[in-house]
Amino acid sequence: MENDENIQYVGDDGALGSSAAKYFIDYENHWGFSSTGDFLDDGDYLNSRYIRSLPSSNLPELYKTARVAPISLTYFRYCMENGKYTVKLHFAEIQFSNDNTYSSLGRRLFDIYVQGALFRKDFNIEGETHVAQKPYILSLYNVNVTDNILEIQFYWAGKGTTRIPVSGVYGPLISAFSIVSDSKPCTDQKNVRHKIIVGVGFGVTALCLVIIIVGIFWWKGYFKGIIRKIKDTERRDCLTGTFTLKQIRDATEDFSPDNKIGEGGFGPVYKGQLSDGTLVAVKQLSSRSRQGNGEFLNEIGMISCLQHPNLVKLHGFCIEGDQLILVYEYMENNSLAHALFSSKDQLKLDWATRLRICIGIAKGLAFLHEESRLKIVHRDIKATNVLLDGNLNPKISDFGLARLDEEKTHVTTRIAGTIGYMAPEYALWGYLSYKADVYSYGVVVFEVVSGKNYKNFMPSDNCVCLLDKAFHLQRAENLIEMVDERLRSEVNPTEAITLMKVALLCTSVSPSHRPTMSEVVNMLEGRISIPNAIQQPTDFSEDLRFKAMRDIHQQRENHSLSTS
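Basically the numbering used here = 1-based index in the sequence shown + 180.
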């Protein structure tokens with residue numbers, strides 16, 4: 181589709197074969213979008229993410245369709261050259277009318293974020309045009325791209341009407357947007373102004389098809405020779421965020437067993453070195469993995485928009501043939517589980533380091549739950565999913581099972597996670613909230629303090645698991661016995677008791693009795709006092725935590741027997 185300026189727009193209406201798609205990635209043109217939430221009060225909510233203008237509308241073709249979202253709609257363009265860009269956002273309020281009927285009373289408000297920063301709060305399309313069914317262009321100048329990615333998010337904060345003219349009419353809406361580089365383009369051609377255009381609409385012209393086909397052939401490497409050799413370095417710089425399979429094979433020496441540094445639930449992890457010398461960790465999704473494409477895309481979507489010192493950084497990904505690969509920053513000291521429990525390369529973590537690790541994990545979770553724009557429940561917090569860099573700083577990884585808390589999908593029939601770390605309300609009834617991560621954090625803290633692996637704990641008549649042992653010692657007022665015997669001579673008793681009391685609060689049976697992760701950070705850093713721990717049942721057989729573990733363990737044993 182073209183507008184009056186002869187700018188070519190590429191449609192996203194075919195996303196995954198459905199206009200109701202929640203996410204879409206155009207690998208050839210390096211852009212995509214993600215959408216969160218559901219219009220549950222709309223009878224046709226499964227097909228409400230793509231709308232057309234009213235039949236009486238005289239709008240230009242570009243504005244006759246739009247994409248909407250119940251909560252958040254994020255467009256991203258990756259593999260960009262760093263520099264300044266001009267972004268134009270095209271809007272038209274096509275769900276309200278201009279007559280004197282009820283449908284003219286609607287009011288749509290949403291926020292606009294550019295590169296993570298708030299650009300416009302309570303943006304109202306009709307507030308700019310004063311009428312519905314009229315185009316409006318919002319121009320953003322000098323938008324700075326520093327990490328080769330541009331992200332534009334439209335977010336509904338609960339303001340405006342929700343049932344005018346019918347139920348489910350609310351949330352961010354956009355017809356199209358264009359991105360024009362103000363910097364030198366990636367190519368060496370002179371006097372060529374490089375324009376990147378993304379729009380919403382059904383029409384894709386023949387010229388666009390030709391461009392895409394040529395792009396596919398170029399991407400697949402059919403254009404070889406001197407031009408490819410000359411521009412190889414420049415192209416690699418422009419493609420930061422994506423990797424070819426050849427680049428991955430070169431970095432890992434063709435997935436050499438000598439470079440294998442781990443085996444996750446979804447496939448092996450290799451150490452690699454890029455051509456510029458950067459060390460990376462390469463996570464290769466196994467073809468037999470249960471993670472699948474959904475979780476792979478989920479991990480890309482979740483972690484690519486998160487930046488925090490206690491979250492692992494995603495350098496990029498590779499999708500080529502049947503290969504699904506994630507490329508992370510390399511963590512010199514492997515995982516926290518490896519450092520604590522490995523029989524070969526176990527690290528000697530002193531008390532100060534262990535305490536710092538626990539506080540770092542808490543800060544990472546507090547960011548996910550409360551501080552990031554996308555509120556995220558990790559769902560699989562455990563020692564193997566916490567990585568340690570060269571300075572033993574903890575970084576949370578593995579976001580394949582993570583969920584957006586803002587989706588309000590609190591009850592699920594698909595329980596995912598690890599036995600022993602799952603909160604009882606989630607394990608038993610599928611009730612999921614960020615308090616499930618708080619519970620898992622408490623379990624990890626006891627592993628760090630004791631130096632004992634929760635999974636390999638040997639049950640006895642008195643204690644069925646590591647957590648049960650902590651409760652017994654708490655009742656006996658002898659919690660200090662939980663501390664790793666190798667640290668007894670150096671541990672600060674006050675710090676150790678404080679940390680374990682916080683962990684006991686985190687593992688309370690009721691989610692309402694557990695603190696938030698920001699409260700955990702404040703308690704560990706001494707800014708707020710620790711409330712008295714909730715009294716725990718004296719008989720572990722009546723405790724929901726242990727009932728949940730036993731029930732899930734029995735279910736998996738039965739499933740294993742039935743499939744063997």
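Glycine included, every Cβ here is placed at the ideal spot set by N, Cα and C.
{"Item": "Which of the three DSSP states is assigned to V190 in this structure?", "Value": "coil"}
{"Item": "With H, G and I counted as helix, E and B as strand and the rest as coil, what does DSSP make of E550?", "Value": "helix"}
{"Item": "Cα separation between C686 and N642?", "Value": "22 Å"}
{"Item": "What did DSSP end up calling C538 once you bin it into helix, strand or coil?", "Value": "helix"}
{"Item": "Can you have a look at N328 and say buried or exposed, based on whether 16 or more other CB atoms are within 10 angstroms of its CB?", "Value": "buried"}
{"Item": "Whole angstroms are fine: how far does the CA of F256 sit from the CA of R343?", "Value": "30 Å"}
{"Item": "Find the nearest neighbour of L572 within the set P604, N513, E627 and E605, judged by alpha-carbon distance.", "Value": "N513"}
{"Item": "Rounded to the nearest angstrom, what separates Q275 and P345 at their Cα positions?", "Value": "8 Å"}
{"Item": "Just to confirm the assignment, what range does the alpha helix (DSSP H) spanning Y606 have?", "Value": "P604 to W609"}
{"Item": "So, for G496: in the same chain, excluding its five sequence neighbours on each side, which residues have a beta-carbon less than 6 Å away from its beta-carbon?", "Value": "G421, T422, F423 and V507"}
{"Item": "May I have the straight-line CA-CA distance separating A546 from N278, to the nearest angstrom?", "Value": "46 Å"}
{"Item": "How about L646 and K632: are their beta carbons less than 7 Å apart?", "Value": "yes"}
{"Item": "Within 10 angstroms of its Cβ, does K426 collect 16 or more other Cβ (buried), or is it exposed?", "Value": "exposed"}
{"Item": "Would the beta-carbon of S361 fall within 7 Å of that of Y265?", "Value": "yes"}
{"Item": "For L419, I'd like the list of residues in its chain whose CB is within less than 7 Å of its CB, leaving aside the five on either flank, ordered along the chain.", "Value": "Any reading at L419 must be qualified, since the residue scores a pLDDT of 34, below 50, and its modelled position is unreliable; no value is offered."}
{"Item": "The alpha helix (DSSP H) spanning Y621 covers which residue range?", "Value": "Y614 to S630"}
{"Item": "Taking 6 Å as the limit between beta carbons, can you name the residues of its chain near E273, skipping five residues before and five after?", "Value": "I305, E306 and A312"}
{"Item": "Whole angstroms are fine: how far does the CA of W211 sit from the CA of Y321?", "Value": "20 Å"}
{"Item": "Reducing DSSP to helix, strand and coil, say where K268 ends up.", "Value": "strand"}
{"Item": "What's the C-alpha gap between D569 and D502?", "Value": "31 Å"}
{"Item": "Measure from the alpha carbon of S552 to the alpha carbon of each residue in A297, R247 and S236, then state which is nearest.", "Value": "A297"}
{"Item": "State the DSSP-derived secondary structure class of D302, mapped to helix, strand or coil.", "Value": "strand"}
{"Item": "Nearest to F271 by CA position, among V566, G452, D530 and R232, is which residue?", "Value": "R232"}
{"Item": "If you draw a straight line from the C-alpha of W336 to the C-alpha of N636, how long is it?", "Value": "46 Å"}
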